[in-house]
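Undergrad:
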């Protein structure tokens, strides 16, 4: 293809994703050139430390530890940022955008915290800022949300967007492991980091939820705005009881529009077994989208990993290059401020377990507390006999605030020994 | 939005999808204008018969029975074709493209038979021809395949792309209904047509498979090139035996690249229960994509219905309008000729049932036949006792040609009373 347009790419960061991207371009560059007329050439690669052994090949002299020089290099057409983290990624992307270079990034942390600033810089310069890889890795999600569904009105998006926690929950479900055992296995397999906090406490998913809210509903949501509850308190008993009741337990990121406000949260949830999200196993991700016209959609695939993520980066890079050649810009999100409804005002059905002392009148006392707070019990089961018994119930939809007060009062009952972690039920009404 | 660009749309056909599109534009047109700066105005609507009562509103004087006048109207910017069928849709789309009007179509039959001619006309005029709605209705599939995965190398695509047959198979699986009973229910619910041949014999799926092959692998495949086998011979016994062996039976459209050739076929298949396609119930569609870098992906949703399909059409329409404003064209498929590998040369594992007379040496005779054709039995079970017994076996991967010869010879054995419909097993090796 001698008539292909050469696009000179500057790469910032070259860890897993960067190395996989270089390999993908080496493998598929000819096919891409034949199909699109675009020849991608990675001419500069900025890394943290020079002189290390590297599992990939770059053009002679391309490696540098001066990332600023890469974004300022006037011969570079497009910048790809896969270094991660807030700084210096933010400053480098802003410099690239100010220099009118389109940017492709996989940086969810940065987008979830400084998204509006970056989108504005891109709009000011009239260049692309694409970020398909920042949410759900290799799964095409951002482009379908922004383009394919542009004419629809979305109601709610529920996603399994953290592979580590889905792997842990799958092991707990299928092998009866405890949280700690499953976490240890995830760490041994490299799915979980040594400090697993960001994954297991839902913080990683919260950052992705913020980006989904921005793209799907056009509102400004930052990671810190997202209520996040993790899975470390989930027990194998919770999981087996959920299965008996017809549910799987999944860590969900949920974003929905309610009366002009936006609700966005991350927490474990009981998902009906017949729901497509319940069948998402191992470290896979899936995002379930409810649109007014399109109905229910789901996007499923690998949410992490070098090659899946690099595939998404490369799709964006080809798009940015094609736009550059045609003097076009993809529509950017222009998120506006909206009230983020606090978790206290949201409504869910709840699954609650109580360890109680088996005395006459226990159920009456429990029912008295729930009734006092306007919480209505949908179904109930009493397990075990003798001294210690367990009450398990699922409520009708109730406000979080009322549920919290109910649980506080239940803890104060003398007949109640212990209140388990309550779980929200999805699709119960 | 006084500064929105008005895009004048001509609509060809106004059945379910067309009416839903008009309604969607009425509902969401303001939001689309606010977000994209594009005001969509449907100014002409060509219908077959004037003067009928219609469940939608159009601008006064917009209705016409002269479709040619619509595509020739110089004031119309974009043409949407949702009339279906080969002619006059083909001639109208060609006329619109020749007049340099972008076209959005949902017409799978036409694309699967005259795709290359249409793509060439669009390329000649330098305008868009978009068709997201032609495969899998509301599910974003064509755009992700063409754009998000543009840098990856796809291996295989397997889709449940016909809702009617998936509904029938779901009923047979979950309620033990016969094919005829489930078909009657599908007809009563409006999921199946009075003449269900195109759905149940796999012809509808074959047309979609041809389009998927064109988009995903860039090769010219027409509906008639696709080997198609339907579900009318599937029995409830097949389904319960499949479940015992750990499989669900699904009608799959399968497209794969093999050594530079393309294989494309539609047939019922046994899918492992843990595979995401096995959990796709009722009339939902899902397309499973295997890419070298991205790994496994699945796209799930409503494959038919007025509003889901209209949602996909509207996404394309907004894209075409945005491109028109920016003087840009989406990359068109430029399918090239490739050898389509005949079904005889493909390899699968097979599930086979034999009704046999229970005499000594039956198994020996059966094993002799399979061995003679180089077909190796992976697992086998003998059911029933006494006069009539049933042998059920699953083979290792074998060539279709060898399997066919094996079945012919098995039918000729005196100890064999009947050979059931063989089923291909997906993901067995």
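Protein chains in written order, with the numbering used here: chain A, 152 to 580; chain B, 152 to 580.
The C-beta atom is built at its ideal place from N, Cα and C for all residues, glycine as well.
The structure presented is a predicted model; accordingly, all values stated were derived computationally and were not measured.
Going straight from the alpha carbon of residue 562/B to that of residue 505/B, what length do you get?
TA: The residue labelled residue 562/B in the question sits at position 411 within the second chain. The residue labelled residue 505/B in the question sits at position 354 within the second chain. Cα to Cα, the separation comes out at about 9 Å.
Undergrad: Can you tell me which of 393/A, 303/A, 325/A puts its alpha carbon nearest to the alpha carbon of residue 573/A?
TA: Residue mapping note: residue 573/A aligns to position 422 of the first chain, counting from 1. Taking only the C-alpha atoms, the option nearest residue 573/A is 393/A.
Undergrad: With 7 Å as the limit, tell me which residues of the stretch 448 to 459 of chain A have their beta carbon closer than that to any beta carbon of chain B; keep them in chain order.
TA: For the stretch 448 to 459 of chain A, which is checked against every Cβ of chain B, the residues closer than 7 Å are 448, 449, 450, 451, 452, 453, 458, 459.
Undergrad: With distances taken from CA atoms, which of 165/B, 334/B, 486/B is nearest residue 373/B?
TA: By 1-based counting over the second chain, the position of residue 373/B is 222. Among 165/B, 334/B, 486/B, the Cα nearest to that of residue 373/B belongs to 486/B.
Undergrad: Between residue 389/B and residue 424/A, what straight-line distance do the alpha-carbon atoms span, to the nearest angstrom?
TA: As a first step, residue 389/B must be located in the second chain, where it is residue number 238. As a first step, residue 424/A must be located in the first chain, where it is residue number 273. Going from the Cα of residue 389/B to the Cα of residue 424/A covers about 24 Å.
Undergrad: With a CB to CB cut of under 7 Å and the five nearest residues on each side skipped, what residues in its chain are close to residue 224/B?
TA: What you label residue 224/B is simply residue 73 of the second chain in a count that begins at 1. Same-chain partners within the cutoff: 161, 195.
Undergrad: For the stretch 435 to 445 of chain B against the stretch 502 to 517 of chain B, do three or more pairs of beta-carbon atoms, one drawn from each stretch, fall closer than 8 Å, so that the two count as touching?
TA: No, the stretch 435 to 445 of chain B does not touch the stretch 502 to 517 of chain B.
Undergrad: Is the CB-CB distance between residue 402/B and residue 316/B below 8 Å?
TA: Taking the second chain and counting its residues from 1, one reaches residue 402/B at position 251. Taking the second chain and counting its residues from 1, one reaches residue 316/B at position 165. Yes; because the gap between Cβ atoms is below 8 Å, this pair is in contact.
Undergrad: Could you give the distance in angstroms between the alpha-carbon of residue 274/B and the alpha-carbon of residue 294/A?
TA: Taking the second chain and counting its residues from 1, the one referred to as residue 274/B is at position 123. Taking the first chain and counting its residues from 1, the one referred to as residue 294/A is at position 143. Residue 274/B and residue 294/A: Cα-Cα distance of roughly 24 Å.
Undergrad: For residue 281/A and residue 565/A, what's the separation of their Cα atoms in angstroms?
TA: As a first step, residue 281/A is located in the first chain; it is residue number 130 there, counting from the start. As a first step, residue 565/A is located in the first chain; it is residue number 414 there, counting from the start. For residue 281/A and residue 565/A, the distance between alpha carbons rounds to 57 Å.
Undergrad: Assign residue 477/B to one of three DSSP states: helix, strand, or coil.
TA: Mapped onto the second chain, residue 477/B falls at position 326. Three-state DSSP puts residue 477/B in a helix.
Undergrad: Mapping the DSSP letters down to three states, classify residue 493/B as helix, strand or coil.
TA: Within the second chain, the letter at position 342 stands for residue 493/B. Looking at residue 493/B - three-state DSSP - the assignment turns out to be coil, as it is neither helix nor strand.
Undergrad: Please decide whether residue 295/A counts as near chain B, where near means a Cβ-Cβ distance under 8 Å.
TA: Taking the first chain and counting its residues from 1, the one referred to as residue 295/A is at position 144. Output row for residue 295/A: interface = yes.
Undergrad: Mind listing, in chain order, the continuous alpha helix (DSSP H) runs of no fewer than 4 residues lying wholly within the stretch 495 to 519 of chain B?
TA: For the stretch 495 to 519 of chain B, not a single whole alpha helix (DSSP H) run of length 4 or above is found.
Undergrad: Could you check which residue in 237/A, 251/A, 236/A, 359/A has the C-alpha nearest to that of residue 230/A?
TA: Locating residue 230/A in the first chain gives position 79, counting from the first residue. Nearest option by C-alpha distance: 251/A.
Undergrad: For the stretch 415 to 444 of chain B, enumerate the residues whose C-beta is nearer than 9 Å to any C-beta of chain A, in chain order.
TA: Under the 9 Å Cβ criterion, the stretch 415 to 444 of chain B contributes 425, 427, 429, 430, 431, 432, 435, 437, 439, 440, 442, 443, 444.
Undergrad: Can you pull the chain B neighbours of residue 187/A, defined as C-beta to C-beta under 8 Å?
TA: The residue labelled residue 187/A in the question sits at position 36 within the first chain. In chain order: 301, 482.
Undergrad: Helix, strand or coil for residue 421/A, going by three-state DSSP, please let me know.
TA: Locating residue 421/A in the first chain gives position 270, where the first residue counts as 1. Residue 421/A: strand per DSSP, three-state reduction.
Undergrad: Using the Cα positions of residue 522/B and residue 549/B, report the straight-line distance between them to the nearest angstrom.
TA: Stepping through the second chain from its first residue, residue 522/B is reached at position 371. Stepping through the second chain from its first residue, residue 549/B is reached at position 398. Roughly 11 Å separates the two Cα atoms.
Undergrad: When the distance is taken between beta carbons, is residue 383/B closer than 8 Å to residue 417/B?
TA: As a first step, residue 417/B must be located in the second chain, where it is residue number 266. As a first step, residue 383/B must be located in the second chain, where it is residue number 232. In this structure, residue 383/B does not lie closer than 8 Å to residue 417/B by Cβ.
Undergrad: Excluding sequence positions up to five away, which residues of its chain have a Cβ less than 8 Å from the Cβ of residue 306/A?
TA: Translated into the one-based positions of the first chain, residue 306/A becomes position 155. The residues are 407, 408, 441, 442, 443.
Undergrad: With C-beta atoms as the reference, is residue 357/A less than 8 Å away from residue 377/A?
TA: If you number the first chain from 1, residue 357/A lands on position 206. If you number the first chain from 1, residue 377/A lands on position 226. Yes, the pair counts as a contact, with Cβ atoms nearer than the cut-off.
Undergrad: For residue 304/B, return the contacting residues in chain A, with the cut-off set at a CB-CB distance below 8 Å.
TA: Numbered from its first residue, the second chain carries residue 304/B at position 153. Under the 8 Å cutoff, chain A gives 178, 179, 182.
Undergrad: Tell me the DSSP secondary structure of residue 296/B in three-state form.
TA: Locating residue 296/B in the second chain gives position 145, counting from the first residue. Residue state, collapsed to three classes: helix.
Undergrad: Go to residue 436/B, then tell me how far its beta strand (DSSP E) extends in each direction, as first and last residue.
TA: On the second chain, residue 436/B is found 285 positions in, with the first residue counted as 1. Residue 436/B -> beta strand (DSSP E) spans 435 to 442.
Undergrad: Go ahead and pull the three-state DSSP assignment for residue 483/A.
TA: Start at 1 with the first residue of the first chain, and residue 483/A comes out as number 332. Residue 483/A: coil per DSSP, three-state reduction.
Undergrad: Could you pull the start and end residues of the alpha helix (DSSP H) that residue 396/B belongs to?
TA: Numbered from its first residue, the second chain carries residue 396/B at position 245. Taken as a continuous stretch (DSSP letters only), the alpha helix (DSSP H) holding residue 396/B covers 387 to 396.
Undergrad: Cα separation between residue 157/A and residue 245/B?
TA: Residue mapping note: residue 157/A aligns to position 6 of the first chain, counting from 1. Residue mapping note: residue 245/B aligns to position 94 of the second chain, counting from 1. Computed Cα separation, rounded: 34 Å.
Undergrad: If you measure between the beta carbons of residue 452/B and residue 480/A, is that distance less than 8 Å?
TA: As a first step, residue 452/B is located in the second chain; it is residue number 301 there, counting from the start. As a first step, residue 480/A is located in the first chain; it is residue number 329 there, counting from the start. No, they are not a contact pair.
Undergrad: Contact criterion: CB-CB distance below 8 Å. Does residue 350/A meet it with respect to chain B?
TA: The residue you call residue 350/A lines up with position 199 of the first chain. Not an interface residue.
Undergrad: To which residues of the same chain is residue 497/B closer than 6 Å at the C-beta, ignoring the five residues directly before and after it?
TA: Here residue 497/B refers to the residue found at position 346 of the second chain. Same-chain partners within the cutoff: 414, 551.
Undergrad: Using a Cβ distance threshold of 8 Å, determine whether the stretch 254 to 262 of chain A contacts the stretch 450 to 469 of chain A, with at least three qualifying pairs required.
TA: Contact between the stretch 254 to 262 of chain A and the stretch 450 to 469 of chain A is present, because at least three Cβ pairs lie under 8 Å.
Undergrad: Using a Cβ-Cβ distance under 8 Å, would residue 311/B count as near chain A?
TA: Against the second chain, residue 311/B aligns to sequence position 160. For residue 311/B, the answer is no, since every Cβ of chain A falls outside 8 Å of its Cβ.
Undergrad: Per the DSSP calculation, residue 281/B is bridged to which residue(s)?
TA: Sequence index remark: in the second chain, residue 281/B carries index 130 (1-based). 255/B, per the DSSP bridge assignment.
Undergrad: When the Cα atoms are used, what is the spatial distance from residue 493/A to residue 375/A?
TA: Numbered from its first residue, the first chain carries residue 493/A at position 342. Numbered from its first residue, the first chain carries residue 375/A at position 224. Their backbone Cα atoms lie some 12 Å apart in a straight line.
Undergrad: I need the DSSP call for residue 376/B, collapsed to helix, strand or coil.
TA: What you label residue 376/B is simply residue 225 of the second chain in a count that begins at 1. Three-state DSSP puts residue 376/B in a helix.
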